[in-house]
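Heads up: the sequence shown at position 176 corresponds to 176 in UniProt numbering, and the numbers run straight through without jumps.
Structure record follows, encoded as structure tokens.
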Amino acid sequence: MTANIIQFPANRVAAQLPAPQTENVRDDSAPTRNLPRRASNARSDGRRMHNPKSRSVEPNIQEIPGENGGCSYRVQIRKSVQGESVSFTKTFSKLAMARKWKKRKLAEIEIDGVQTVSKKGDTVAAAITARLAKHKHLGRSARQQLDWLKNSDFGKKKLTELSLESLTDLADDMLAEERQPQTVAGYLAILVNTLHWASRRNFIIPVAALKEAMEHMWEDEILARSEERDRRPAIDELDRILGAAVDNKRQKIPLAKIIVFAIFSCRRLGEICRLRWEDLRIEQKKILVRDMKHPRKKKGNNVWCNLTDEALAIILSMPREGEFIFPFKSSSVGTAWRRHRDRLKIQDLRFHDLRHEGITRLFEMGMPAAFVAKHSGHKNGGCLYRYEHVEEEGDKFAGWPWSQWAAEEGVGKVV
Numbered sequence: 001m002t003a004n005i006i007q008f009p010a011n012r013v014a015a016q017l018p019a020p021q022t023e024n025v026r027d028d029s030a031p032t033r034n035l036p037r038r039a040s041n042a043r044s045d046g047r048r049m050h051n052p053k054s055r056s057v058e059p060n061i062q063e064i065p066g067e068n069g070g071c072s073y074r075v076q077i078r079k080s081v082q083g084e085s086v087s088f089t090k091t092f093s094k095l096a097m098a099r100k101w102k103k104r105k106l107a108e109i110e111i112d113g114v115q116t117v118s119k120k121g122d123t124v125a126a127a128i129t130a131r132l133a134k135h136k137h138l139g140r141s142a143r144q145q146l147d148w149l150k151n152s153d154f155g156k157k158k159l160t161e162l163s164l165e166s167l168t169d170l171a172d173d174m175l176a177e178e179r180q181p182q183t184v185a186g187y188l189a190i191l192v193n194t195l196h197w198a199s200r201r202n203f204i205i206p207v208a209a210l211k212e213a214m215e216h217m218w219e220d221e222i223l224a225r226s227e228e229r230d231r232r233p234a235i236d237e238l239d240r241i242l243g244a245a246v247d248n249k250r251q252k253i254p255l256a257k258i259i260v261f262a263i264f265s266c267r268r269l270g271e272i273c274r275l276r277w278e279d280l281r282i283e284q285k286k287i288l289v290r291d292m293k294h295p296r297k298k299k300g301n302n303v304w305c306n307l308t309d310e311a312l313a314i315i316l317s318m319p320r321e322g323e324f325i326f327p328f329k330s331s332s333v334g335t336a337w338r339r340h341r342d343r344l345k346i347q348d349l350r351f352h353d354l355r356h357e358g359i360t361r362l363f364e365m366g367m368p369a370a371f372v373a374k375h376s377g378h379k380n381g382g383c384l385y386r387y388e389h390v391e392e393e394g395d396k397f398a399g400w401p402w403s404q405w406a407a408e409e410g411v412g413k414v415v
């Protein structure tokens with residue numbers, strides 16, 4: 001075998017063999033280099049070619065074969081905004097899901113347009129401004145909180161720089177201004193909710209950092225939940241407020257009638273002022289409460305609620321002079337309530353405590369939670385436990401003269 005070995009001198013120069021064929025591939029993330037020619041999805045202009053096995057199912061949807069014989073469906077929608085191409089892409093395991101998302105996304109673009117093309121320099125204030133412009137139905141408190149955050153130093157921060165430390169610092173700064181932990185929790189909840197909303201609309205936001213920050217602050221008790229109230233109005237306190245309301249002849253709002261109705265209907269003030277004649281079912285003794293308070297669904301949460309005999313009698317005593325049963329602004333009613341309460345020096349009694357009183361009254365009368373929920377509008381009976389402050393059995397308002405007074409026609413009529 002050694003006879004077949006060719007020996008070369010030590011100083012022999014290597015043969016100049018032809019190099020393999022190469023092609024130039026542009027890679028902006030790394031220095032340009034030559035690679036051997038091989039099958040590739042890369043093009044000479046640096047753009048990636050579509051999978052040759054994929055096929056177009058319909059406009060904007062491609063079927064992508066999988067390794068195990070299955071397939072997925074990729075939706076890609078491109079729009080041009082101010083000369084810049086914006087792409088919305090999402091992949092689904094089922095064609096029906098892909099079609100549903102495509103239809104919804106195209107409808108959103110048709111109605112709202114492509115509102116925001118995020119840049120790395122976008123600030124917290126920019127994300128808040130976008131949501132305030134889009135969500136006109138946000139409540140007054142939420143808008144006030146977002147306005148404050150937008151105009152604060154925190155609003156100047158770049159979205160891409162948000163971190164656990166920056167949100168924790170914000171909480172510490174707010175606490176240093178003598179805000180309560182539950183108040184700070186409210187600000188941060190609406191802030192994080194807004195940033196999550198913005199992240200789904202092309203803003204570049206480190207969502208994982210937001211989640212981590214909130215978990216950290218709850219665990220370390222930097223934030224706290226609002227304390228559950230158990231304040232109940234005494235009969236004497238109600239008598240004094242109702243008497244003052246009736247004696248005020250200049251007052252245009254039938255405040256006393258609304259106060260009594262709030263107790264017997266178990267309704268919030270805003271709900272009372274939205275009740276409509278067309279939604280009343282006298283025979284069934286129920287009424288549709290529109291836009292009932294809900295932790296996530298701010299609009300369209302319409303719930304049928306049963307009416308007590310006292311609540312129905314008060315409704316029927318009201319004149320039918322328009323669309324609404326109580327055609328008054330909730331803010332005006334609330335102002336009138338606070339004015340009388342404060343003049344009488346009654347401490348720590350809120351209008352919402354009247355709803356609490358009405359629900360607790362039903363429990364004290366021996367009604368089961370399922371029955372009470374049909375009056376209060378709670379979908380989850382477990383939420384009613386906080387109202388079960390049963391101090392005595394029976395009807396606290398049995399024989400109360402104001403219940404009969406409020407049911408009389410013309411009483412408290414606007415002049």
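The beta carbon of each residue, even a glycine, is placed where N, CA and C say it ideally should be.
Since the model is a prediction, treat every value here as computed from it, not as a measurement.
Candidates D353, V303, A244 and R343: which alpha carbon is nearest I263's?
-> What you label residue 263 is simply residue 263 of the sequence shown in a count that begins at 1. Residue D353 is the option with its Cα nearest to I263.
Straight-line Cα distance separating H135 from M174 = If you number the sequence shown from 1, residue 174 lands on position 174. If you number the sequence shown from 1, residue 135 lands on position 135. Rounded to the nearest angstrom, the two C-alpha atoms are 25 Å apart.
Straight-line CA distance for L242 to I222?
-> Here the question's residue 242 lines up with position 242 in the sequence shown. Here the question's residue 222 lines up with position 222 in the sequence shown. Each residue's Cα considered, the two are about 42 Å apart.
Buried or exposed (CB count within 10 angstroms, at least 16 for buried), A311 = Translated into the one-based positions of the sequence shown, residue 311 becomes position 311. Buried, by the Cβ-count rule.
CB-CB under 7 Å to V372, same chain, minus the five flanking residues each way: which ones, in chain order?
-> Here residue 372 corresponds to residue number 372 of the sequence shown, with the count starting at 1. Once the five neighbours on either side are set aside, the close Cβ partners of V372 are I359, L362, F363 and L384.
Give the secondary structure of T22 by DSSP, where H, G and I count as helix, E and B as strand, and everything else as coil.
-> Within the sequence shown, residue 22 is the residue found at index 22, counting from 1. Low per-residue confidence applies at T22: pLDDT is 35, beneath 50, and the placement is therefore not dependable, though the value from the model is reported in the following sentence. Correct three-state label for T22: strand.
Could you tell me whether the Cβ atoms of S72 and I64 are closer together than 7 Å?
-> Within the sequence shown, residue 72 is the residue found at index 72, counting from 1. Within the sequence shown, residue 64 is the residue found at index 64, counting from 1. Going by C-beta atoms, S72 is nearer than 7 Å to I64.
When burial is assigned at 16 or more other CB atoms within 10 Å of the CB, is S56 buried or exposed?
-> If you number the sequence shown from 1, residue 56 lands on position 56. It counts as exposed.
Please go through the same chain and pick out, in chain order, the residues whose beta-carbon is closer than 8 Å to the beta-carbon of S332, but skip the five residues on each side of it.
-> By one-based count along the sequence shown, residue 332 stands at place 332. Result list for S332: I253, in chain order.
Cα-Cα separation between R225 and E219, rounded to whole angstroms | The residue labelled residue 225 in the question sits at position 225 within the sequence shown. The residue labelled residue 219 in the question sits at position 219 within the sequence shown. Using only the alpha carbons, I get a separation of about 12 Å.
Integer Cβ distance of S199 from I205, believed to fall under 8 Å | One-based indexing of the sequence shown puts residue 199 at position 199. One-based indexing of the sequence shown puts residue 205 at position 205. That belief holds up - the Cβ atoms of S199 and I205 are roughly 4 Å apart, short of 8 Å.
Report, in whole angstroms, the separation of the C-beta atoms of L269 and I287, which I expect to be a contact under 8 Å.
-> For the purposes of this step, residue 269 is taken as the residue at position 269 of the sequence shown. For the purposes of this step, residue 287 is taken as the residue at position 287 of the sequence shown. Actually they do not touch by this definition, with Cβ atoms about 16 Å apart.
Beta-carbon proximity of I272 to F326, cut-off 7 Å | Looking up residue 272 in the sequence shown gives position 272. Looking up residue 326 in the sequence shown gives position 326. Yes. Within cutoff.
For the segment 150-168 against the segment 84-101, are there 3 or more C-beta pairs whose distance is under 8 Å?
-> no
Determine the burial state of A256: buried for a count of at least 16 other Cβ atoms within 10 Å of its Cβ, exposed for fewer.
-> Here residue 256 is taken as the residue at index 256 of the sequence shown, counted from 1. Flag for A256 reads buried.
What residue from L188, G155, N151 and K150 has the CA that sits closest to T168's CA?
-> Translated into positions along the sequence shown, residue 168 becomes position 168. Comparing Cα-Cα distances from T168 to each of L188, G155, N151 and K150, the minimum goes to L188.
Which residues bound the alpha helix (DSSP H) around Q182?
-> Here residue 182 refers to the residue found at position 182 of the sequence shown. It spans P181 to S199 - the alpha helix (DSSP H) in which Q182 sits, taken as one unbroken run.
So what's K329 in DSSP terms, helix, strand or just coil?
-> As a working mapping, residue 329 is identified with position 329 in the sequence shown. Residue state, collapsed to three classes: coil.
Could you tell me if Q144 is buried or exposed, where buried requires 16 or more neighbouring beta carbons within 10 angstroms of its beta carbon?
-> Counting from one through the sequence shown, the residue named residue 144 turns up at place 144. Q144 is exposed by the Cβ-count criterion.
Mind checking which residues open and close the beta strand (DSSP E) that includes I359?
-> In the sequence shown, counting from the first residue as 1, residue 359 sits at position 359. I359 -> not in any beta strand (DSSP E); alpha helix (DSSP H) instead, spanning H352 to E364.
What are the partner residues of E58, as DSSP defines its beta bridges?
-> Mapped onto the sequence shown, residue 58 falls at position 58. For E58, which the question treats as bridged, DSSP gives the partners I61.
Give a yes or no on whether the C-beta atoms belonging to M365 and D395 are separated by under 7 Å.
-> Within the sequence shown, the letter at position 365 stands for residue 365. Within the sequence shown, the letter at position 395 stands for residue 395. In this structure, D395 lies closer than 7 Å to M365 by Cβ.
With distances taken from CA atoms, which of I258, A213 and D172 is nearest F328?
-> Taking the first residue of the sequence shown as position 1, residue 328 is located at position 328. Here the closest residue by C-alpha is I258.
As assigned by DSSP and simplified to three states, the class of K134 = Numbered from its first residue, the sequence shown carries residue 134 at position 134. Reduced to three states, the DSSP call for K134 is helix.
Considering only residues of the same chain and omitting the five flanking positions on each side of S166, which have a CB-CB separation below 7 Å?
-> On the sequence shown, residue 166 is found 166 positions in, with the first residue counted as 1. Cβ neighbours of S166 beyond the five flanking positions: K157.
Which residues in the same chain as I346 place their Cβ atom closer than 6 Å to its Cβ, once the five residues preceding and following it in sequence are excluded?
-> The count along the sequence shown starts at 1 and reaches residue 346 at position 346. Around I346: E237.
Neighbour-count burial assignment, S265, 16 or more Cβ in a 10 Å radius = Within the sequence shown, the letter at position 265 stands for residue 265. Its Cβ being crowded by 16 or more others within 10 Å, S265 is buried.
Where N151 falls, given that 16 or more other Cβ within 10 Å makes a residue buried = For the purposes of this step, residue 151 is taken as the residue at position 151 of the sequence shown. Flag for N151 reads exposed.
Quick one: Cα of F154 to Cα of D147, how far?
-> On the sequence shown, residue 154 is found 154 positions in, with the first residue counted as 1. On the sequence shown, residue 147 is found 147 positions in, with the first residue counted as 1. About 12 Å.
With 16 other CB atoms within 10 Å as the buried threshold, where does N306 fall?
-> By 1-based counting over the sequence shown, the position of residue 306 is 306. Buried is the call here.
I235 burial status per 10 Å Cβ neighbour count (16 or more: buried) | One-based indexing of the sequence shown puts residue 235 at position 235. Exposed is the call here.
Helix, strand or coil for Q284 per DSSP?
-> The residue labelled residue 284 in the question sits at position 284 within the sequence shown. Note: Q284 maps to coil in three-state DSSP.
Round the Cβ separation of M214 and V192 to the nearest angstrom and send it over; I've been treating them as touching at under 8 Å.
-> Reading the sequence shown from its first residue, position 214 is the one you call residue 214. Reading the sequence shown from its first residue, position 192 is the one you call residue 192. Indeed, because the Cβ distance is near 6 Å, the residues count as touching under 8 Å.
Buried or exposed: which applies to residue 416, given that a residue is buried once 16 or more other Cβ atoms fall within 10 Å of its Cβ?
-> With the chain covering 1 to 415 only, the question about residue 416 has no answer from this structure.
Within its chain, find whatever has a CB closer than 7 Å to the CB of R355; leave out the 5 residues flanking it on each side and keep chain order.
-> Along the sequence shown, one-based indexing puts residue 355 at 355. Only A262, C266, R267 and R268 meet the Cβ criterion.
Given a cut-off of 7 Å, decide if A406 and H340 are closer than it, judged by their beta-carbon atoms.
-> Along the sequence shown, one-based indexing puts residue 340 at 340. Along the sequence shown, one-based indexing puts residue 406 at 406. No, the pair does not count as a contact, with Cβ atoms beyond the cut-off.
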